[in-house]
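**Student:**
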Amino acid sequence: MTRTLAPAVQASAAARQRRLFVWLFLMNAVLLACYAAFIVIFVPNQVQNVDPAQKVGNLAIVTTSASIATIFVQPLIGAFSDRTRSRLGKRAPWVLIGASGAAVFMLLLAGAATLFWITVFYVMVMILLNTLNAPIPAIITDRVPTRSRGAASAVLAMGTLVGMGTGVLLAGYFAELIGIGYSVFAALVLLSAFGFVLFNRDFTSKDAERTPLDWRAFLAGFWVSPRKHPDFAWAFAARFLMILAYQGVQSYLLYILRDHIHMSVDASNSFAGVLTVVQLLGALVSTYASGKLSDRMHRRKPFVIAASLIMGCALAVPLVWPTVTGMVVLAALFGFGYGVYLSVDLALMTEVLPAEGVSSGRDMGILNVATTLPQALTPLVAWALISLTGGYASIFIAGIVFAVLGAAAILPIKSAR
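Sequential numbering from 2 applies to the sequence shown in the numbering used here.
1. Taking the CB atoms as reference points, tell me whether Ile181 and Tyr393 lie closer together than 8 angstroms.
2. Distance, Cα to Cα, Asn59 vs Ser154?
3. Should Ala234 and Leu255 be called a contact, given that it needs their Cβ atoms to be closer than 8 angstroms?
4. On a Cα-Cα basis, can you pick out the residue from Leu109, Ser149, Gln55 that is closest to Met298?
5. Which of helix, strand or coil does DSSP assign to Asp52?
6. Is there contact between the region 36–47 and the region 113–131, where contact requires at least three CB pairs shorter than 8 angstroms?
7. Ordered along the chain, which non-local residues of its own chain (more than five positions away) have a Cβ less than 6 angstroms from that of Leu109?
8. Grouping DSSP H, G and I as helix and E and B as strand, with all else coil, what is Ala246?
9. Using the rule of at least 16 other Cβ atoms within 10 Å of the residue's Cβ for burial, across every protein chain shown, is Leu178 buried or exposed?
10. For the alpha helix (DSSP H) that Trp118 lies in, which residues bound it at each end?
11. May I ask you to report which of helix, strand or coil DSSP gives Ser20?
12. Would you mind sorting His261 into buried or exposed? The rule is 16 or more other CB atoms within 10 Å of its CB.
13. Please report how far the alpha carbon of Ser66 lies from the alpha carbon of Val382, in whole angstroms.
14. Under three-state DSSP, which class holds Val353?
15. Decide if Arg259 is buried, meaning its Cβ has at least 16 other Cβ atoms within 10 Å, or exposed.
16. Using a Cβ-Cβ cutoff of less than 7 angstroms, which residues in the same chain neighbour Met107 once the five nearest sequence positions on both sides are dropped?
17. Between the C-alpha atoms of Ala351 and Asn369, what's the straight-line distance to the nearest angstrom?
18. Excluding the 5 residues flanking Gly358 on each side, which residues of the same chain have their C-beta closer than 6 angstroms to its C-beta?
19. Grab me the residues of Ala333's own chain with a C-beta within less than 6 angstroms of its C-beta, minus the 5 sequence neighbours each way, in chain order.
20. Taking all protein chains shown into account, decide if Pro413 is buried (16 or more other Cβ within 10 angstroms of its Cβ) or exposed.
21. Answer yes or no: do Phe304 and Val341 have a C-beta to C-beta separation smaller than 8 angstroms?
22. Kindly list the residues whose CB is nearer than 7 angstroms to the CB of Phe237, restricted to its own chain and excluding five residues on each side of it in sequence; keep chain order.
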């Protein structure tokens, strides 16, 4: 009996994992499509329409406000989800809450016509999208064995890249019809989130042991001692620096095309989508293969280091070649490096957690602060650099420096190879 059941059980588990990967891809693709569409196209256009002369500073206000508001959302939701007791399991309720709330505020953001209301509604959209995003790394930690996490990380990376490309393309298409555009993204968020929960049922957590949230211990948990957990600290620093390198160009891409490459408003809206497709193609060459190869070699660090250095080199291209062609080359090289980085970075992060399985949601949320904190700082740093130098070249130089430092921060990690 055991001999006949074991293969069936294994096949069933493999089928569940494949289905989980498909829906993780879809949900992450939609999530990143929203992020990219709003950051690259919709919000910069809305801000420029309010006051073209002050667009750089005003965009910094909007994006920094949202980033500051979301810094601790993911660790909080991660901790809450660790303790959630429901028929749907620990993570699914937060996926549904985030998706539903984000969809509502997207529709409100579509009608915002002043800087104040653009900021308020954008902040709320970002808070709720982060609520949706928070359980995803914990779902991988909960439901994917260590040997398959490189593949899971690659699946999320492919979702990220496909989402970014399609998101900016869609946003460029709807740049003059922003109300319809926001409605489309709201519908996609709802479909992907509810579909994920429906087709990937988790075990109920209703009868699991209830552990009250100790706020003092929780807040203390935001401080992870570099002495006790140096690998966690180095991983945090590496991701922090890489997001700084990436975010400056991404946040101001539309204005870079208009003011550094001297494209028209309509042309820049369309070309931003072209660049994201080029970046996507470059990344697709490297993403899934890197994740699988990383699993096969049982190595993470060489891939993340190489990816960081490739992205640093890519950021040098517009400095010496500030043309449309130069931006295409930047997108292709950066996409290739970013694909390698995304495919392995999450797998590396899951291997440096201080207490895997005990507080995975909280710990992955803390690592996500390494994403949200630089997102808060980058617009202010970029605004200062542009104001001081009078151009966008300083953003590329700063990005190169941060990418190299991010690669260096991976070297001291010992618990992952």
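Backbone N, C-alpha and C define an ideal beta-carbon position, used for all residues, glycine too.
The model shown is predicted, which means the values in this text are computed figures rather than measured ones.
**Tutor:** In this structure, then:
1. For the purposes of this step, residue 181 is taken as the residue at position 180 of the sequence shown. For the purposes of this step, residue 393 is taken as the residue at position 392 of the sequence shown. Not in contact: Ile181 and Tyr393 (Cβ atoms no closer than 8 angstroms).
2. One-based indexing of the sequence shown puts residue 59 at position 58. One-based indexing of the sequence shown puts residue 154 at position 153. Near 35 angstroms, if we compare the C-alpha coordinates of Ser154 and Asn59.
3. Here the question's residue 234 lines up with position 233 in the sequence shown. Here the question's residue 255 lines up with position 254 in the sequence shown. In this structure, Leu255 does not lie closer than 8 angstroms to Ala234 by Cβ.
4. For the purposes of this step, residue 298 is identified with residue 297 of the sequence shown, where counting begins at 1. Closest option to Met298, Cα to Cα, is Ser149.
5. Numbered from 1 along the sequence shown, position 51 holds the residue referred to as residue 52. Coil at Asp52, not helix or strand.
6. yes
7. Position 108 of the sequence shown holds residue 109. Phe122.
8. As a working note, residue 246 is residue 245 in the sequence shown. Ala246: helix per DSSP, three-state reduction.
9. Within the sequence shown, the letter at position 177 stands for residue 178. That one is exposed.
10. As a first step, residue 118 is located in the sequence shown; it is residue number 117 there, counting from the start. Unbroken alpha helix (DSSP H) run through Trp118: 116–134.
11. The residue you call residue 20 lines up with position 19 of the sequence shown. Residue identity check: residue 20 is Arg in the sequence provided, not Ser. Note: Arg20 maps to helix in three-state DSSP.
12. Residue 261 sits at position 260 when you count from the first residue of the sequence shown. His261 is buried by the Cβ-count criterion.
13. Residue 66 sits at position 65 when you count from the first residue of the sequence shown. Residue 382 sits at position 381 when you count from the first residue of the sequence shown. Rounded to the nearest angstrom, the two C-alpha atoms are 14 angstroms apart.
14. As a working note, residue 353 is residue 352 in the sequence shown. If DSSP states are grouped into helix, strand and coil, Val353 belongs with coil.
15. Counting from one through the sequence shown, the residue named residue 259 turns up at place 258. It is buried - the Cβ of Arg259 has at least 16 other Cβ atoms within 10 Å.
16. For the purposes of this step, residue 107 is identified with residue 106 of the sequence shown, where counting begins at 1. Closer than 7 angstroms at Cβ, skipping near neighbours: Val126, Tyr183, Phe186, Ala187.
17. Residue 351 sits at position 350 when you count from the first residue of the sequence shown. Residue 369 sits at position 368 when you count from the first residue of the sequence shown. Per the sequence presented here, residue 351 reads as Thr, with Ala not at that position. Those two C-alpha atoms are separated by around 12 angstroms.
18. Sequence index remark: in the sequence shown, residue 358 carries index 357 (1-based). Reliability of the predicted coordinates at Gly358 is poor, the pLDDT of 49 falling under 50, and no value is obtained from them.
19. Counting from 1 along the sequence shown, the entry for residue 333 is found at position 332. Within the same chain, Ala333 has close Cβ partners Val279, Gly283.
20. By one-based count along the sequence shown, residue 413 stands at place 412. Label assigned to Pro413: exposed.
21. Residue numbering aside, residue 304 sits at position 303 when the sequence shown is read from its first letter. Residue numbering aside, residue 341 sits at position 340 when the sequence shown is read from its first letter. Closer than 8 angstroms, so yes.
22. Counting from 1 along the sequence shown, the entry for residue 237 is found at position 236. Cβ within range, chain order: Leu368, Ala371.
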